[in-house]
Amino acid sequence: MAGLQCLRRLWLLVHEPPPYDDPPPGSVVAMGQEIGRKAHLLFPGGVLVDEEPWQHAEAAARTAALMADGRVPAIFEAAFEYDGIRIRVDVIERLGRGAWGLREVKSSAGLKDHYIDDIALQAFVLRGAGVSVASIELVHVNTAYVRGADGICWSELFARLDLGEAVADALVTLPDRLPAMRDCLASATAPVAEPGGQCSAPYECEFWDQCTVDKPADWIIHLPYLSQARASELKALGIEAISAIPAEFPLTWNSATLSSRWRRRCAPVSATTISGLSPTAWRRQGRSCSWPPAVLRVPRKPLSSGPHSSPTASAIRWPWSRRTGRWPSWRGKRMVERSAEGGMVGPFWVVEDGGKSSVIALAVPLERADTYGDMLTVDTGHLEHRSRLARRGAPALRADGLPTAPVWSEYEEWPRGRVLYDGSSQRFVIRADRQLHRLGFVHLIATRFYIEGSGATILPDDHYRSIRRVPLPCRD
Ligand code: SF4
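Okay, so the sequence shown: first residue is 1 according to the working numbering, each after it adds one.
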């Protein structure tokens, strides 16, 4: 998979592998491993091949022995090798008459595009190794499942998705992509690659710091709303720093504003002065978004009201917001009349931190929200955002003044909800766990999202159920 993402990453992983660390508890990797273990419950009687990754020959021999034993219904972490490619398969399930099912377990809520390449490579090796693969399924988390009072029912938490056709399509082109990887690995030096979008998708690259060590602090990759075409033009001009972009270079309003501020060394958009993190360090911690931390970090106090009052939307002056009176058609989404100058939308939790309630949120300005019919919201789900936070680890969260609950608790334990904007009624909507339907909580959430609590509608949502209680905040 590394080779499909970036040949340089493949070469570095093989020839200069980073030291292996056990994933920290609560991290995405650790959660994925736990989900993988729990998925074994779907295959009663299955046997785990527990040889370590570096014991591949032993693991392959044990896999072969288990496959020959008709009493074994499934094999976990089965090992195979074909054409110089070694794989471990999450689950192979015995289907009868010599046929097997390939089962890939993911801790996500459903299929993602890059899973297909991953699974296709496994199918390629399995078939090359002489295994009759009759069915291919993704085993993923069932987001419709609601945890009961007795705890998690793991067998109901999973859903299975047939990927036979999608993988068959991918297998047509996959073999053509392998020779370039072999040539790369045979090279004595790492291939040159320009860091870009491939560095965080589909996986975050562990060599980011190494590849970007020479980039300026105001590298143009941190400039929001910069299209790929404009980035290419800047690259052709030899311009890598935002502050070096000529004033006359055509940019969007937002990009031009930020660019001019960088040129003037204007503090509000300085990633290093506000966050204390360099852009590189920031991206290492939460790189799923392409915005630098200073842009993401919204002011905690209203700019034109007292320190304890709830900010009104119109009091906020977003450095990147338009003042045209209309929504931008960001990413081609349709224009919607706007009724407020600010406010944010996104998923949130209320957690207890230091004896009082605190909001953890992915709060996104309306200009960057995703459109669903008349509603504006954010694609990112609670599980995904919680995973990102957990991956940063407790020290980093504490350093940013955030509760550490995402690291040590599960995403559905705390009361949660989502703030949306209803374009038809021109009101914010807070869909939340019923525990949060009290004035103190509404005020707390509204403050975090820079909306007026009185201008928001709060609604229940049966998906948002929690097992923890949080203290009712005192209103000033
Ligand atoms: S940081 Fe980016 S360019 Fe460098 S190896 Fe990783 S994916 Fe490739």
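Where a beta carbon is used, it is the ideal one built from N, C-alpha and C, also for glycine.
Keeping to the same chain, check which residues put their C-beta closer than 6 Å to that of Cys6; ignore five residues upstream and five downstream.
Around Cys6: Ala193 and Gln198.
Give the secondary structure of Thr143 by DSSP, where H, G and I count as helix, E and B as strand, and everything else as coil.
Coil, per DSSP.
May I ask you to check if the CB of Trp208 is nearer than 8 Å to at least one heavy atom of ligand 1?
Flag set: Cβ of Trp208 near ligand 1.
Residue from Val139, Gly151 and Met375 with nearest C-alpha to Phe158
Selected option, being the one with the closest Cα: Val139.
One question on the structure: do Asp113 and Glu104 come within less than 9 Å of each other, judged by their Cβ atoms?
Using a Cβ distance threshold of 9 Å, Asp113 and Glu104 do not count as a contacting pair.
I need the straight-line Cα distance from Leu226 to Leu251, nearest angstrom please.
CA-to-CA, the gap between Leu226 and Leu251 works out to about 7 Å.
Run through DSSP, which three-state label would Ala201 get?
In the three-state scheme derived from DSSP, where H, G and I count as helix and E and B as strand, Ala201 is classed as coil.
Going by other Cβ atoms of all chains shown within 10 Å of its Cβ, with 16 needed for buried, is Ile458 buried or exposed?
Of the other Cβ atoms in all chains shown, 16 or more fall within 10 Å of the Cβ of Ile458; this residue is therefore buried.
Verify the contact flag: Arg8, CB atom, against every heavy atom of ligand 1, threshold strictly below 8 Å.
Yes - ligand 1 has a heavy atom lying nearer than 8 Å to the Cβ of Arg8.
Under a three-way DSSP split, which group does Val470 fall into?
In the structure shown, Val470 sits in coil (DSSP, three-state: anything other than H, G, I, E or B).
Can you list, in chain order, the residues of its chain whose CB lies under 7 Å from that of Arg62, leaving out five sequence neighbours each side?
A distance below 7 Å between beta-carbons, with the five flanking residues on each side excluded, links Arg62 to the following residues of its chain, in chain order: Val49 and Glu51.
Any heavy atom of ligand 1 within a distance shorter than 8 Å of the CB on Leu4?
Incorrect: Leu4 has no Cβ contact closer than 8 Å to ligand 1.
Can you tell which of Trp414, Glu412, Glu413 and Arg431 has the C-alpha that lies nearest to the C-alpha of Tyr421?
Ranking Trp414, Glu412, Glu413 and Arg431 by Cα distance to Tyr421 puts Arg431 first.
Is Pro184 near ligand 1, judged by its Cβ being under 8 Å from some heavy atom?
Inspection of the sequence shows that residue 184 is occupied by Cys rather than by Pro. Flag unset: Cβ of Cys184 not near ligand 1.
Indicate, with yes or no, if ligand 1 has a heavy atom lying under 8 Å from the CB of Gly101.
Outside the cutoff, so no.
Closest residue to Ala57 among Leu223, Ile87 and Gly45 (Cα-Cα distance)
Considering only alpha carbons, the answer is Ile87.
For Ala244 and Ile221, I'd like the C-alpha separation in whole angstroms.
Ile221 has its alpha-carbon roughly 13 Å from the corresponding atom of Ala244.
According to the neighbour-count rule (16 or more other Cβ atoms, all chains shown, within 10 Å of its Cβ), is His15 buried or exposed?
With a 10 Å radius around the Cβ and a threshold of 16 neighbouring Cβ atoms, His15 comes out exposed.
Any contact of the region 434-445 with the region 377-388, i.e. 3+ C-beta pairs under 8 Å?
Cβ pair count under 8 Å is below three, so no.
Is it the case that the Cβ atoms of Tyr464 and Arg427 are separated by a distance below 9 Å?
No, Cβ-Cβ distance for Tyr464 and Arg427 is not below 9 Å.
Could you spell out the range, first to last residue, of the beta strand (DSSP E) harbouring Val131?
Val131 -> no beta strand (DSSP E), and no H or E assigned at all.
Burial state of Thr404, where buried means 16 or more other Cβ atoms lie within 10 Å:
Label assigned to Thr404: buried.
Based on DSSP bridge pairs, tell me the residues matched to Tyr372.
According to the DSSP secondary-structure assignment, Tyr372 is paired through a beta bridge with Met375.
Helix, strand or coil at Leu163 [DSSP, three-state]
In the structure shown, Leu163 sits in coil (DSSP, three-state: anything other than H, G, I, E or B).
Contacting residues, own chain, Cβ-Cβ under 6 Å from Lys106 (five flanking each side not counted)
Cβ neighbours of Lys106 beyond the five flanking positions: His140.
Can you find a heavy atom of ligand 1 that lies under 8 Å from the Cβ of Gly196?
Checking the Cβ of Gly196 against ligand 1 gives yes.
Identity of the residues DSSP links to Val89 by a beta bridge
Its beta-bridge partners are Ala78.
What three-state label does DSSP hand Gly455 in the structure shown?
DSSP places Gly455 in helix when its eight states are reduced to three.
Contacts around Ser531, its chain only, beta-carbon distance under 8 Å, and the 5 residues preceding and following it disregarded:
Nothing can be reported for residue 531: it is not among the residues displayed for the chain, which extend from 1 to 476.
Pair every Cβ in the region 392-406 with every Cβ in the region 115-129, then say whether three or more of these pairs are closer than 8 Å.
No, the region 392-406 is not in contact with the region 115-129.
Buried or exposed for Tyr372, going by 16 or more other Cβ atoms inside 10 Å?
Classification for Tyr372: exposed.
Should Thr212 be counted as a contact of ligand 1 given a C-beta to heavy atom distance under 8 Å?
At a threshold of 8 Å, Thr212 counts as near ligand 1, since its beta carbon sits closer than that to one of the ligand's heavy atoms.
Going by DSSP, what residue range makes up the alpha helix (DSSP H) through Lys215?
In the DSSP assignment, Lys215 falls outside any alpha helix (DSSP H), carrying neither H nor E.
Can you tell me the Cα-Cα spacing of Ile75 and Asp162, whole angstroms?
Roughly 19 Å separates the two Cα atoms.
Got a sec, what are the start and stop residues for the alpha helix (DSSP H) Arg347 sits in?
One detail in the question is off: residue 347 reads as Pro in this sequence, not Arg. Not the alpha helix (DSSP H): Pro347 falls in the beta strand (DSSP E), residues Met344 to Asp353.
Where do the N-terminal and C-terminal ends of the alpha helix (DSSP H) with Glu384 fall, by residue?
Looking at the DSSP string, the run of the alpha helix (DSSP H) that includes Glu384 is His382 to Arg392.
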